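Engineer: Residue numbering for the sequence shown follows our numbering, beginning at 193 and increasing consecutively. Idealized CB from N, CA, C, for every residue including glycine. This one's a predicted model, so the numbers in the text were calculated from it and none came from an experiment.
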Amino acid sequence: MRIIQLFSILFLFASLNGIAQIRNAKNAIVSEELIFPVQNEHTHGSSVVSLPNGDLLAAWFQGSGERSADDVRVMGARLKKGVKTWTAPFLMADTKGIPDCNPVLFLNRKGKLFLFWVAVQANKWEDAILRFRTTTNYNGNEAPVWEWQDDILLKPDESFVKEVEKRFKELPDKQAGWAAYAPQYDDMIKEACKDLRKRSFGWMGRIHPITLESGRILLPLYNDGFNFSMVAISDDDGTTWRPSLPIVGRGPIQPSLAIKKNGNIVAYMRDSGDAPARVHTSISSDDGESWSASQKTDIPNEASVEVCVMKDGKWAFVGNNITDGRYQLSIFISDDEGASWKWKDLIEYEPDHKGSFSYPCLIQTSDGLLNLSYSYAMGEGKKSIKHVVIDPKKILQ
Numbered sequence: 193m194r195i196i197q198l199f200s201i202l203f204l205f206a207s208l209n210g211i212a213q214i215r216n217a218k219n220a221i222v223s224e225e226l227i228f229p230v231q232n233e234h235t236h237g238s239s240v241v242s243l244p245n246g247d248l249l250a251a252w253f254q255g256s257g258e259r260s261a262d263d264v265r266v267m268g269a270r271l272k273k274g275v276k277t278w279t280a281p282f283l284m285a286d287t288k289g290i291p292d293c294n295p296v297l298f299l300n301r302k303g304k305l306f307l308f309w310v311a312v313q314a315n316k317w318e319d320a321i322l323r324f325r326t327t328t329n330y331n332g333n334e335a336p337v338w339e340w341q342d343d344i345l346l347k348p349d350e351s352f353v354k355e356v357e358k359r360f361k362e363l364p365d366k367q368a369g370w371a372a373y374a375p376q377y378d379d380m381i382k383e384a385c386k387d388l389r390k391r392s393f394g395w396m397g398r399i400h401p402i403t404l405e406s407g408r409i410l411l412p413l414y415n416d417g418f419n420f421s422m423v424a425i426s427d428d429d430g431t432t433w434r435p436s437l438p439i440v441g442r443g444p445i446q447p448s449l450a451i452k453k454n455g456n457i458v459a460y461m462r463d464s465g466d467a468p469a470r471v472h473t474s475i476s477s478d479d480g481e482s483w484s485a486s487q488k489t490d491i492p493n494e495a496s497v498e499v500c501v502m503k504d505g506k507w508a509f510v511g512n513n514i515t516d517g518r519y520q521l522s523i524f525i526s527d528d529e530g531a532s533w534k535w536k537d538l539i540e541y542e543p544d545h546k547g548s549f550s551y552p553c554l555i556q557t558s559d560g561l562l563n564l565s566y567s568y569a570m571g572e573g574k575k576s577i578k579h580v581v582i583d584p585k586k587i588l589q
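#1: Determine the DSSP secondary structure at LYS488, reduced to helix, strand or coil.
#2: Kindly indicate the opening and closing residues of the beta strand (DSSP E) around ALA384.
#3: Ordered along the chain, which non-local residues of its own chain (more than five positions away) have a Cβ less than 7 Å from that of ARG215?
#4: For the beta strand (DSSP E) that contains ILE555, what are its first and last residues?
#5: With DSSP collapsed to three states, give me the class of PHE418.
#6: Between the segment 287-297 and the segment 253-267, do three or more beta carbon pairs fall short of 8 Å?
#7: Would you kindly work out how many angstroms separate the C-alpha atoms of VAL313 and SER565, rounded to a whole number?
#8: Under 8 Å between the Cβ atoms of LYS386 and VAL353?
#9: Give the secondary structure of GLN313 by DSSP, where H, G and I count as helix, E and B as strand, and everything else as coil.
#10: Touch check for the segment 423-434 and the segment 327-342: three-plus C-beta pairs under 8 Å?
#11: Enumerate in chain order the residues of its own chain whose CB-to-CB distance from ASP343 is below 7 Å, with the five nearest sequence positions on each side excluded.
#12: For PHE393, write down the residues that DSSP places opposite it in a beta bridge.
#13: Excluding the five sequence neighbours on either side, which residues of its own chain have a C-beta within less than 6 Å of the C-beta of TRP278, listed in chain order?
#14: Is the segment 510-520 touching the segment 538-545, taking contact as three or more C-beta pairs under 8 Å?
#15: Which residues in the same chain have their Cβ closer than 6 Å to the Cβ of SER548, if we skip the five residues on either side of it in sequence?
#16: With distances taken between CB atoms, is the gap from THR563 to VAL240 smaller than 8 Å?
#17: Could you say which of PRO412, ILE381 and ILE402 lies nearest to MET396 if we only look at CA atoms?
#18: How about the segment 491-501 and the segment 455-474: do they share at least three Cβ pairs that are nearer than 8 Å?
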């Protein structure tokens, strides 16, 4: 009887401790609101940027589906400095008759605003075309006035093929998920890489670019056809782009990049490979030109993640941190450049597993606060993009 009572007490303590963790995360939240009222259309893949005048600009894709729905377009909204409610949504990009997905907002060092997104040709992710718009006229009350638009056409050469073969040899000798009578995963991907057309199309963005001290811009990309990643490199402030060598692994996609103090760049990626689903990492020691074969961390993974190097040198990371749904969204903080994550708190949690909170976008604004946007769904007819402001100092407390 005493043993049973002891277990009951321990269970109650664990339950209360879990609630306390949720409350602690809520205490760190400065503000939270839906960017627009919940509605029926699919809304996903948000991105947010802080403009020089203090406004926030958000973008997401919206329509009756994703790659198979030709009415999908890129929408946006603005949160004016000092105002608590977002403007009504406005159109940011729409390739008529073709789905437009995965918007990414970015400011280069000269203050030019970029909108990257993909037009999903033939309704297939692997045929997506990477597009971008730019402007310096973005301080109005509605959509930016775009001054330039073009496609980013990448043509990885034969070094891409050699790199894939090289990096697959460095991966663990495990090809889970493929039957003995089916083609081996590694061999199938290596063969596909030899096709110039396949390796030239289907590259998509999801996460913010980063700017190196040299001014080089690295735009993270991934490809659902190959099920791995790459970055586009620009050394002229985003005027022209060329491909890096690929970030090879079994399922590392949607990379988010963080620069270490020693200059190395770490990519944190969603796991689209074999179980157990864990966040992948890869390292570049040559300014993004080449990348190590990806390795799985111990962080459980369900969907896209993003990491942010904060002004005080600490790193913030946001992801689902579960493998059975998207009903939980967590924030981690590291004081040792991702070697460990000592502080972990919940941003969203639905104990009945009915909610969906995913594809986070994470930035730090000039006031030191973390601004987060993510897909928010509480069932059919209840979909939006949520914006949350977090004080990282309160998480550290």
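Structural biologist: Short version:
#1: Strand at LYS488.
#2: Under the DSSP assignment, ALA384 falls outside any beta strand (DSSP E), being part of the alpha helix (DSSP H) whose first and last residues are 377-385.
#3: The predicted position of ARG215 is uncertain, since its pLDDT is 37 and thus under 50; no value can be drawn from it.
#4: DSSP places ILE555 inside the beta strand (DSSP E), whose first and last residues are 548-556.
#5: Note: PHE418 maps to coil in three-state DSSP.
#6: Judged by pairs of C-beta atoms under 8 Å, the segment 287-297 touches the segment 253-267, as three or more such pairs exist.
#7: Strictly speaking, residue 313 in this sequence is Gln, with Val absent from that position. Approximately 27 Å, taken between the alpha carbons.
#8: Contact: yes.
#9: In the three-state scheme derived from DSSP, where H, G and I count as helix and E and B as strand, GLN313 is classed as helix.
#10: With a cut-off of 8 Å, the segment 327-342 and the segment 423-434 do not count as touching, because too few Cβ pairs lie within range.
#11: Within the same chain, ASP343 has close Cβ partners ILE321, LEU322 and ARG323.
#12: Under DSSP, PHE393 shares a beta bridge with no residue.
#13: So the list reads ILE227, ALA269 and LEU271, once near-sequence residues are dropped.
#14: Contact between the segment 510-520 and the segment 538-545 is present, because at least three Cβ pairs lie under 8 Å.
#15: Here the set comprises ARG518 and ALA569.
#16: Just to set this straight, residue 563 is Asn in the shown sequence, not Thr. In contact: ASN563 and VAL240 (Cβ atoms closer than 8 Å).
#17: When each option's Cα is compared against that of MET396, the closest is PRO412.
#18: Yes, they touch.
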